[in-house]
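Chains as they are written, first to last, in the UniProt record's numbering: chain A, 1 to 262; chain B, 1 to 262. Here the structure is laid out as structure tokens; the discussion comes afterwards.
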DNA sequence: CCAGGTCCATACCTTCAGGGTATCGCGGAC
DNA sequence: GTCCGCGATACCCTGAAGGTATGGACCTGG
């Protein structure tokens, strides 16, 4: 009748480990219990979720589809748990460099007694914090995966090249992307990437290269030994306000209004 | 640890009724059980959700906030079930003009957690939807091909002639079929027929002629510029409830009961 | 002012799902 | 053939969810 979130959580664990024994260990339950629960889930759903064999466990197509629904459901449930009991609080997330104070102040002033918090996000968790309820709304830099989210664009801002003050491009009024050919770009992209803007800039200062950042970010993190130069022909960075699509609270609606006007 | 969706569903029921007894009734459980479950939920969440008094129950602010999260969570959970293919869903088909709401409401109220859907059919697909499983039962207008179907007659209703308000027959108390001789009948029958009642009526309004419809259909689609007149000597339209003969589910049996009583 | 009604809580019982341990059966690998 | 990894089965125990009966607080009409 009702879906049992415990079983769903067990299912996700097995789907991730593709091994009942290790999944059971991760869940801190005995393996036979896990086997039984998964079987019970399959019975309830009248669908086979795994192909079991003594040499491995794999997801069936139905299992794969369930997994896609199960994860967001679990995060939504934990978001609910996180939010409940927390005193009347409204939390605004923001990416580094974005100035949220005016909007936050305005919301707070209109609702005395409401605790308005802010949470600085990173490139990696800017979407996650919305889904798991750590923030009610968040200022994000597009593009982000928009599944389960709603958003309104707020403004665009140009990107700049950040280089050492001694760099050949330092002092220029502006550059074109072609001027950067041959420069090593310091990016957050995957494997050996940098987790924060500070680290990126540190790297540029130490070892040269060029970091490409939205203007406000570059200004926010400006340092003596680095300068930034506008790049004329690169697509601007879009800043948007995003929130979970299943949440429709008056406060969120009001903040969206405020953010668009500020 | 895990949120219990059953308790959440109970919570929403109480929040909607603001009365433990009636909520329990709607959920088909005993009132003390509901009280205990809500209390357990409050303990688990460490938050008081309701203010109880012998003269009424109200949501606390925390309860109100939980309600905002609880509804979408339940929706997402049932969406998951539906997509996995287990959706506990019962779908009732109906021909235009027939009012199914009371019966549907009654079934839904007797089975909390059951998703009861309705599907409007047309003259062409009213049987097809039964066979292909789009509906579990359907209100049909006889005659229909009954192969593979079982049905119970529900009621008869007179047919009326729908004519422009300016027509010579408009305003009459009733007419006989013979009065219609010479009139062009606008019918849905095959090739160049009209696919919907709306189209038929549009045609009558534009180009004259007469449409013969069951009374309820004529009422449902009534327009300012058209009037309907009962036809005394034409066989009445029979409305029946039909279902696939190879399907014998308790829900179908129950709905048949309900439909006959309503 | 008391009788009855409404509403939620408490007490107590029964059932069953979920957790645990011990052990089996099946394949693949050495 | 033997061993090992992996999931399934068998059996027990506990606790949570369901039920009925009843209590206690509060309102309301006579």
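The C-beta atom is built at its ideal place from N, Cα and C for all residues, glycine as well. Computed from a predicted model, the values in this text were never measured in an experiment.
Between the segment 112-128 of chain B and the segment 68-76 of chain B there are fewer than three inter-stretch CB-CB distances shorter than 8 Å, so the stretches are not counted as touching. When the beta-carbon positions are compared, residue 175/A and residue 161/A come within less than 8 Å of each other. Within chain A, the C-beta atoms nearer than 8 Å to that of residue 113/B come from 1, 2, in chain order. Closer than 8 Å to the CB of residue 47/B there is at least one CB belonging to chain A. Between residue 247/A and residue 210/A, the C-beta spacing is not below 8 Å. Nearest to residue 65/B by alpha-carbon distance, out of 84/A, 164/A, 96/A, is 84/A. Sequence-distant Cβ neighbours of residue 106/B in its own chain, meaning closer than 6 Å and more than five residues away, are 258. For residue 39/A, no beta strand (DSSP E) segment is defined; the enclosing uninterrupted segment is the alpha helix (DSSP H) at 31-45.
Residues of the segment 94-105 of chain B with a C-beta atom less than 8 Å from some C-beta of chain A do not occur. The beta carbon of residue 76/A sits closer than 8 Å to some beta carbon of chain B.
Close partners of residue 118/B in chain A (Cβ separation under 9 Å) are lacking, with about 22 Å as the shortest Cβ gap. The C-beta distance from residue 144/B to residue 135/B rounds to 13 Å, too long to fall under 8 Å, and the pair is not in contact.
According to the DSSP secondary-structure assignment, residue 151/A is paired through a beta bridge with 242/A. A direct Cα-to-Cα measurement between residue 55/B and residue 240/B gives close to 47 Å. With a minimum length of 4 residues, the unbroken runs of alpha helix (DSSP H) contained wholly in the segment 109-164 of chain A fall at 128-131. Interface with chain B (8 Å Cβ-Cβ cutoff): residue 9/A is included.
With contact defined as three or more Cβ pairs closer than 8 Å, the segment 94-106 of chain B and the segment 210-219 of chain B are in contact. Bounds of any beta strand (DSSP E) do not take in residue 166/A, whose DSSP letter is neither H nor E.
Under DSSP, residue 51/B forms a beta bridge with 58/B. Taking a contact as a CB-CB distance under 8 Å, the pair residue 262/B and residue 158/B does not count as one, their CB atoms being some 20 Å apart.
A straight-line Cα-Cα distance of about 44 Å links residue 62/A and residue 221/B. Take residue 172/B, set aside five residues on each side of it, and the residues of its chain with a beta-carbon closer than 7 Å to its own are 229, in chain order.
In terms of Cα proximity to residue 59/B, the closest of 45/B, 11/B, 33/B is 11/B. Contact check for residue 5/A against residue 5/B passes: the beta carbons are separated by less than 8 Å. DSSP assignment within the segment 203-254 of chain B yields the following whole beta strand (DSSP E) runs of 3 residues or more, N-terminal first: 211-214, 226-230, 237-244. One alpha carbon belongs to residue 1/B, the other to residue 24/B, and they sit about 25 Å apart. Under DSSP, residue 93/B takes part in a beta bridge, and its partners are 119/B, 138/B. Contact between residue 243/A and residue 137/A holds: their C-beta atoms lie close to 4 Å from each other, under 8 Å.
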